[in-house]
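Q: Below: one structure in structure tokens.
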Amino acid sequence: MSNTTDSKRDYIWLFFKGAGMGAADVVPGVSGGTIAFITGIYARLLAAIKSVDLSALQMVLKGQFKEAWEHVDGSFLLAVFGGLITSALSLAKIITYLLEHHQQLVWSFFFGLIIASFIYIAKKVDKWQATHIVSCILGAAIAYVITAMSPAEAQVQPWFYFVAGSIAVCAMILPGISGSFILLLLGMYGHVLTALNNKELILIGLFLLGCICGLMIFSRFLSWLLSKYEQVTFALLSGFLIGSLNMLWPWKKVVTTYVNSSGIEKPLMQKNISPMEFTQLTGQDAQLTVCIALAVAGLILILTLDRISHKD
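Under my numbering, the residue at position 246 of the sequence shown is numbered 229, and the numbers go up by one with no gaps.
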């Protein structure tokens, strides 16, 4: 399973690609799976996760640690997940601050990123036929419905961190669907960010254990899906990306609010509005020029990552 041709430079790149996944996974609306896809490590990541199986466990029990490490592509997983975890821990506070104070700008950047990601994945469909178009529309509809749902506020018990991790991780490795947004719908997004920021190791451990269990199950299903119905799956994933744009529209009007468990008032339902209407309703500058520039920057970033990943 392990790729013995990987150099130190390759592992450094894998670390940074993992860091990109971690950064994306912290933000609701953006999928770490999308970053894995556009940086060219998605198939290898799925294969490595799927290889953590009974055979690997038997090797470990027999003391064949080197063989087990190679079987699961351990160096690859260590580099990617090392970058992912480092990035998530480092960026949690920054992302929390940016979403609190500069939400329009953050959403604008990722709006452009998602559009570029849609183009990238849609190009993977060799020939768009009726089946692929229907699959794309279905994916867009599912993602739209998910992003249009109102987030709940969970009554947090430690065991729920495990449950949340096992559900959200399925979205984290699925291009186009954000694991962070699933956490938001479960009412766990703020709680998980708080646990990361406060270094609450037991809660983080429960969440990661849930992620591992979810990965073991879902990665096998997704790998089977891609091997049997690759083109239809790509079309479905591209639809997920288009549908998720609903959440990332920068200008919104708060329709209803709720008070979370910390006593802080938060938006519950929001409606997308035009930049002009946003200025009229809020009296704030819509920052249209800056938002467009950031969306274009998101597009350029994906194109750059695509070019870098295909250099070798």
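From the three backbone atoms N, C-alpha and C, an ideal C-beta is built for every residue, glycine too.
#1: In three-state terms, what does DSSP make of V237?
#2: Spell out the partners DSSP gives M252 in its beta bridges.
#3: Does the Cβ of Q87 have 16 or more other Cβ atoms within 10 Å, making it buried, or fewer, making it exposed?
#4: With the cut-off set at 8 Å, would you say S91 and L205 are in Cβ contact?
#5: Which of the three DSSP states, helix, strand or coil, is assigned to V63?
#6: By the 10 Å Cβ neighbour count, where 16 or more other Cβ atoms means buried, how is Y103 classified, buried or exposed?
#7: Enumerate, from N- to C-terminal direction, the unbroken alpha helix (DSSP H) stretches of 4 or more residues contained entirely within the region 156 to 189.
#8: Taking C-beta to C-beta, are A123 and G222 nearer than 8 Å?
#9: On the premise that S14 lies in contact with T130, defined as a C-beta separation below 8 Å, what is that separation, rounded to the nearest angstrom?
#10: Measure the Cβ-Cβ separation of V63 and L(-3) and say whether it is below 8 Å.
#11: W207 to A19, Cα distance in whole Å?
#12: Label P141 either buried or exposed according to how many other C-beta atoms from any shown protein chain fall within 10 Å of its C-beta, with 16 as the threshold for buried.
#13: Pull up the distance between the alpha-carbon of Q270 and that of M259, whole angstroms please.
#14: If distances are taken between C-alpha atoms only, which option among M199, I225 and W234 comes closest to L37?
#15: Measuring CA to CA, which of G170, W234 and I150 is closest to D268?
#16: Determine, using beta carbons only, whether T265 and M252 come nearer to each other than 8 Å.
A: On the basis of the supplied data:
#1: The residue given as residue 237 occupies position 254 in the sequence shown. Strand, per DSSP.
#2: Residue 252 sits at position 269 when you count from the first residue of the sequence shown. Answer is T239, bridged to M252.
#3: Residue 87 sits at position 104 when you count from the first residue of the sequence shown. Buried, because 16 or more other Cβ atoms sit within 10 Å of the Cβ of Q87.
#4: In the sequence shown, residue 91 corresponds to position 108, counting from 1. In the sequence shown, residue 205 corresponds to position 222, counting from 1. Going by C-beta atoms, S91 is not nearer than 8 Å to L205.
#5: On the sequence shown, position 80 is the one that residue 63 refers to. Helix.
#6: As a working mapping, residue 103 is identified with position 120 in the sequence shown. Result: buried.
#7: 162 to 168 and 172 to 180
#8: Residue numbering aside, residue 123 sits at position 140 when the sequence shown is read from its first letter. Residue numbering aside, residue 222 sits at position 239 when the sequence shown is read from its first letter. In this structure, G222 lies closer than 8 Å to A123 by Cβ.
#9: Here residue 130 refers to the residue found at position 147 of the sequence shown. Here residue 14 refers to the residue found at position 31 of the sequence shown. With 8 Å as the limit, T130 and S14 do not qualify as a contact, their Cβ atoms being about 12 Å apart.
#10: As a working mapping, residue 63 is identified with position 80 in the sequence shown. As a working mapping, residue -3 is identified with position 14 in the sequence shown. In contact: V63 and L(-3) (Cβ atoms closer than 8 Å).
#11: For the purposes of this step, residue 207 is taken as residue 224 along the sequence shown, with counting starting at 1. For the purposes of this step, residue 19 is taken as residue 36 along the sequence shown, with counting starting at 1. One C-alpha to the other measures close to 18 Å.
#12: As a position in the sequence shown, residue 141 is number 158, starting the count at 1. Exposed: under 16 other Cβ atoms inside 10 Å.
#13: Residue mapping note: residue 270 aligns to position 287 of the sequence shown, counting from 1. Residue mapping note: residue 259 aligns to position 276 of the sequence shown, counting from 1. Their backbone Cα atoms lie some 10 Å apart in a straight line.
#14: Within the sequence shown, residue 37 is the residue found at index 54, counting from 1. Closest option to L37, Cα to Cα, is M199.
#15: On the sequence shown, position 285 is the one that residue 268 refers to. The option with the nearest alpha carbon to D268 is W234.
#16: Your numbering for residue 265 matches position 282 in the sequence shown. Your numbering for residue 252 matches position 269 in the sequence shown. No, Cβ-Cβ distance for T265 and M252 is not below 8 Å.
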